[in-house]
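Structure first, then comments.
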Amino acid sequence: MVRPIYYMTAEVTIIKKNRPHTRKVWIVSSYDNPIDIMDNDAKTMSRLKQELFTAKAKNKTIVIDSITSKKQVGTTLQPDETE
């Protein structure tokens, strides 16, 4: 199954010292729904944690609030096409 790959800008809320902070970040993913990105795209969520938090942070909570812009930049390959 070929899936589109999107470049998106999103509004993200992070919790630092028990206070919410909102940031704008870029995301590249084959998912275009904030809930799907948070649940299924571990690579993107890991990158956001590294980018937005220090190594000593105890509570690393990230919530993607909304997608502000979305642009399709390519498609994924089917497993049969890689051979």
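So the sequence shown is numbered by our numbering: it starts at 13 and just counts up by one. Using N, Cα and C, we set each Cβ at its ideal position, and we do this for glycine too.
Paired residues, beta bridge with residue i - DSSP
i: Met20; result: Ile39 and Lys82
i: Pro32; result: Ile27
i: Ile74; result: Ile26
i: Thr88; result: Bridge partners of Thr88: none, in fact.
Nearest neighbour of residue i, chosen from the options [CA to CA]
i: Arg59; options: Ile74, Gln84 and Asn45; result: Ile74
i: Val14; options: Ile39, Ile27 and Tyr43; result: Tyr43
i: Ser78; options: Pro16, Ala22, Lys61 and Gln84; result: Ala22
i: Lys29; options: Lys55, Ala69 and Leu89; result: Ala69
C-beta contact flag for residue i and residue j at 7 Å
i: Ile76; j: Pro32; result: no
i: Val85; j: Ile39; result: no
Chain-order list of residues whose beta-carbon lies under 7 Å from that of residue i (same chain, five-residue window excluded)
i: Ala67; result: none
Cutoff 8 Å; reference residue i; Cβ partners in own chain excluding five residues on either side
i: Leu64; result: Val24, Ile26, Arg35, Val37 and Ile74
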